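The sequence shown lines up with residues 1 to 173 when you count with full-length UniProt numbering.
Accompanying notes for the structure given below.
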Amino acid sequence: MCRSGCAELPASTRSCIDSGTRTVAENYLVDSAVFLRWFIDQDGYEHAREVQQRFIDGAISLETVDFARVEVAGVLRKKGLLTRRLTREGFVAAVRVIDDLGVVVHEITADRLELAADLAARKRLGMYDALFAQLAIERRIPLLTADAKLCTALAGEVETELLRSGGRKDDSA
1 MCRSGCAELP ASTRSCIDSG TRTVAENYLV DSAVFLRWFI DQDGYEHARE
51 VQQRFIDGAI SLETVDFARV EVAGVLRKKG LLTRRLTREG FVAAVRVIDD
101 LGVVVHEITA DRLELAADLA ARKRLGMYDA LFAQLAIERR IPLLTADAKL
151 CTALAGEVET ELLRSGGRKD DSA
(Lines of atoms letter the chains of each structure in order from A and count residues from 1; the text may use other names and numbers.)
(Lines give C-alpha, C1' and ligand atoms only; values in the text may rest on other atoms or scores of the structure.)
Protein backbone atom coordinates (compact mmCIF):
# COMPACT_ATOMS: atom_id res chain seq x y z
CA MET A 1 0.00 0.00 0.00
CA CYS A 2 1.35 3.46 -0.84
CA ARG A 3 1.60 6.32 1.65
CA SER A 4 -1.67 7.86 0.44
CA GLY A 5 -3.58 4.65 1.14
CA CYS A 6 -4.21 3.23 -2.31
CA ALA A 7 -4.28 -0.54 -2.57
CA GLU A 8 -1.70 -2.42 -4.56
CA LEU A 9 -3.38 -2.73 -7.92
CA PRO A 10 -2.10 -3.72 -11.35
CA ALA A 11 0.21 -1.04 -12.74
CA SER A 12 -2.33 -0.26 -15.44
CA THR A 13 -4.80 1.04 -12.86
CA ARG A 14 -2.70 2.00 -9.83
CA SER A 15 -3.11 5.60 -8.69
CA CYS A 16 -1.37 7.27 -5.79
CA ILE A 17 -1.46 10.96 -4.99
CA ASP A 18 2.19 11.03 -3.98
CA SER A 19 3.63 8.67 -6.60
CA GLY A 20 3.14 10.62 -9.79
CA THR A 21 1.89 7.41 -11.40
CA ARG A 22 -0.15 7.94 -14.54
CA THR A 23 -3.26 5.84 -14.45
CA VAL A 24 -4.33 4.07 -17.60
CA ALA A 25 -7.87 3.19 -16.62
CA GLU A 26 -10.44 2.51 -19.31
CA ASN A 27 -13.34 4.06 -17.43
CA TYR A 28 -13.61 6.96 -14.98
CA LEU A 29 -16.27 8.48 -12.79
CA VAL A 30 -15.62 12.19 -13.35
CA ASP A 31 -16.42 14.98 -10.91
CA SER A 32 -17.44 18.51 -11.84
CA ALA A 33 -13.97 19.98 -11.34
CA VAL A 34 -12.64 17.91 -14.24
CA PHE A 35 -15.40 19.06 -16.60
CA LEU A 36 -14.80 22.69 -15.56
CA ARG A 37 -11.16 22.40 -16.56
CA TRP A 38 -12.23 21.56 -20.09
CA PHE A 39 -13.16 25.26 -20.34
CA ILE A 40 -11.34 27.15 -17.57
CA ASP A 41 -7.55 27.15 -17.21
CA GLN A 42 -7.25 26.06 -13.58
CA ASP A 43 -4.55 23.80 -12.12
CA GLY A 44 -4.79 20.42 -13.83
CA TYR A 45 -6.54 21.71 -16.96
CA GLU A 46 -3.97 20.16 -19.31
CA HIS A 47 -4.57 16.69 -17.87
CA ALA A 48 -8.35 17.26 -17.91
CA ARG A 49 -8.18 18.13 -21.60
CA GLU A 50 -6.03 15.06 -22.31
CA VAL A 51 -8.76 12.97 -20.68
CA GLN A 52 -11.39 14.76 -22.78
CA GLN A 53 -9.44 14.04 -25.97
CA ARG A 54 -8.94 10.38 -25.04
CA PHE A 55 -12.71 10.17 -24.46
CA ILE A 56 -13.50 11.80 -27.81
CA ASP A 57 -11.04 9.41 -29.49
CA GLY A 58 -12.86 6.45 -27.92
CA ALA A 59 -9.86 5.34 -25.85
CA ILE A 60 -11.72 5.66 -22.52
CA SER A 61 -15.27 6.05 -21.28
CA LEU A 62 -16.50 8.63 -18.79
CA GLU A 63 -19.42 8.58 -16.36
CA THR A 64 -20.82 11.13 -13.93
CA VAL A 65 -23.82 11.98 -11.76
CA ASP A 66 -26.83 13.87 -13.07
CA PHE A 67 -26.35 16.98 -10.94
CA ALA A 68 -22.86 17.51 -12.42
CA ARG A 69 -24.56 19.28 -15.34
CA VAL A 70 -26.09 21.89 -13.02
CA GLU A 71 -22.95 22.26 -10.91
CA VAL A 72 -20.77 22.73 -14.00
CA ALA A 73 -23.24 25.22 -15.51
CA GLY A 74 -23.30 27.29 -12.32
CA VAL A 75 -19.54 27.52 -12.02
CA LEU A 76 -19.07 28.16 -15.75
CA ARG A 77 -21.51 31.05 -15.46
CA LYS A 78 -19.49 32.52 -12.60
CA LYS A 79 -15.95 31.68 -13.76
CA GLY A 80 -16.52 31.80 -17.51
CA LEU A 81 -19.41 33.99 -18.57
CA LEU A 82 -19.26 36.67 -15.86
CA THR A 83 -15.47 37.01 -16.19
CA ARG A 84 -15.77 37.15 -19.99
CA ARG A 85 -13.67 34.04 -20.50
CA LEU A 86 -16.69 32.59 -22.30
CA THR A 87 -19.06 34.36 -24.64
CA ARG A 88 -22.79 33.93 -24.13
CA GLU A 89 -22.83 31.49 -27.04
CA GLY A 90 -19.81 29.63 -25.67
CA PHE A 91 -21.40 29.39 -22.23
CA VAL A 92 -24.70 28.10 -23.64
CA ALA A 93 -22.84 25.47 -25.69
CA ALA A 94 -20.58 24.50 -22.78
CA VAL A 95 -23.46 23.60 -20.47
CA ARG A 96 -24.44 20.84 -22.94
CA VAL A 97 -20.99 19.28 -23.30
CA ILE A 98 -21.55 16.38 -20.89
CA ASP A 99 -24.55 15.23 -22.90
CA ASP A 100 -23.33 16.27 -26.33
CA LEU A 101 -20.13 14.24 -25.99
CA GLY A 102 -21.98 11.20 -24.68
CA VAL A 103 -20.72 11.01 -21.11
CA VAL A 104 -22.81 8.39 -19.30
CA VAL A 105 -24.98 10.23 -16.76
CA HIS A 106 -26.36 8.37 -13.73
CA GLU A 107 -29.43 9.45 -11.78
CA ILE A 108 -29.16 10.15 -8.08
CA THR A 109 -31.82 7.85 -6.66
CA ALA A 110 -33.08 7.91 -3.07
CA ASP A 111 -31.09 4.75 -2.30
CA ARG A 112 -27.90 6.21 -3.78
CA LEU A 113 -28.49 9.43 -1.83
CA GLU A 114 -28.86 7.43 1.40
CA LEU A 115 -25.63 5.52 0.80
CA ALA A 116 -23.82 8.76 -0.05
CA ALA A 117 -25.13 10.37 3.14
CA ASP A 118 -23.66 7.51 5.16
CA LEU A 119 -20.34 7.89 3.31
CA ALA A 120 -20.40 11.65 3.91
CA ALA A 121 -20.99 11.11 7.63
CA ARG A 122 -18.27 8.47 7.96
CA LYS A 123 -15.64 10.32 5.92
CA ARG A 124 -16.68 13.90 6.72
CA LEU A 125 -17.34 14.71 3.06
CA GLY A 126 -19.62 17.24 1.47
CA MET A 127 -22.68 15.65 -0.10
CA TYR A 128 -21.67 16.46 -3.69
CA ASP A 129 -18.29 14.77 -3.18
CA ALA A 130 -19.96 11.84 -1.43
CA LEU A 131 -22.35 11.34 -4.34
CA PHE A 132 -19.50 11.20 -6.87
CA ALA A 133 -17.62 8.81 -4.58
CA GLN A 134 -20.66 6.60 -3.96
CA LEU A 135 -21.26 6.18 -7.66
CA ALA A 136 -17.57 5.34 -8.24
CA ILE A 137 -17.86 2.72 -5.49
CA GLU A 138 -21.01 1.24 -7.05
CA ARG A 139 -19.56 1.24 -10.56
CA ARG A 140 -16.17 -0.05 -9.33
CA ILE A 141 -14.30 2.54 -11.34
CA PRO A 142 -11.77 5.20 -10.35
CA LEU A 143 -12.97 8.67 -9.39
CA LEU A 144 -11.12 11.34 -11.38
CA THR A 145 -10.95 14.64 -9.49
CA ALA A 146 -8.91 17.81 -9.01
CA ASP A 147 -9.39 17.64 -5.23
CA ALA A 148 -6.35 16.21 -3.38
CA LYS A 149 -8.16 16.35 -0.03
CA LEU A 150 -10.98 14.24 -1.46
CA CYS A 151 -8.47 11.65 -2.68
CA THR A 152 -6.97 11.46 0.80
CA ALA A 153 -10.37 11.24 2.50
CA LEU A 154 -11.43 8.38 0.22
CA ALA A 155 -8.32 6.24 0.72
CA GLY A 156 -9.46 2.69 1.33
CA GLU A 157 -13.00 3.36 0.04
CA VAL A 158 -12.54 3.78 -3.70
CA GLU A 159 -9.71 4.21 -6.17
CA THR A 160 -9.11 7.85 -7.01
CA GLU A 161 -6.99 9.66 -9.54
CA LEU A 162 -5.92 13.24 -9.00
CA LEU A 163 -5.54 15.47 -12.04
CA ARG A 164 -1.85 16.10 -12.64
CA SER A 165 -0.74 19.61 -11.84
CA GLY A 166 0.84 21.77 -14.45
CA GLY A 167 -0.12 24.64 -16.63
CA ARG A 168 -1.46 26.55 -13.63
CA LYS A 169 -3.24 29.70 -14.70
CA ASP A 170 -6.20 30.47 -12.45
CA ASP A 171 -6.29 28.52 -9.20
CA SER A 172 -9.55 29.95 -7.85
CA ALA A 173 -12.29 27.34 -7.91
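Beta carbons: idealized from backbone N, C-alpha and C, even for Gly.
Predicted, not measured: the structure shown is a model, and the values here were computed from it.
A straight line joining the alpha-carbon of ALA120 with that of ASP111 spans about 14 Å.
Residue pairing from DSSP places THR64 in a beta bridge opposite VAL105.
In this structure, PHE39 sits near ALA94, with a CB-CB distance shorter than 7 Å. Nearest C-alpha to VAL105 among GLU26, ALA25 and SER32: SER32. DSSP places GLU89 in the helix class (H, G or I) of the three-state scheme.
In this structure ALA116 does not touch LEU29 by the C-beta definition: roughly 13 Å separates them, more than the 8 Å allowed. DSSP places GLU161 in the uninterrupted beta strand (DSSP E) bounded by 160-162. Under the 8 Å Cβ criterion, the segment 145-153 counts as touching the segment 124-131, having at least three qualifying pairs. The beta carbon of ARG54 sits closer than 7 Å to the beta carbons of ILE60 from its chain, once the five residues preceding and following it are set aside; these are given in chain order.
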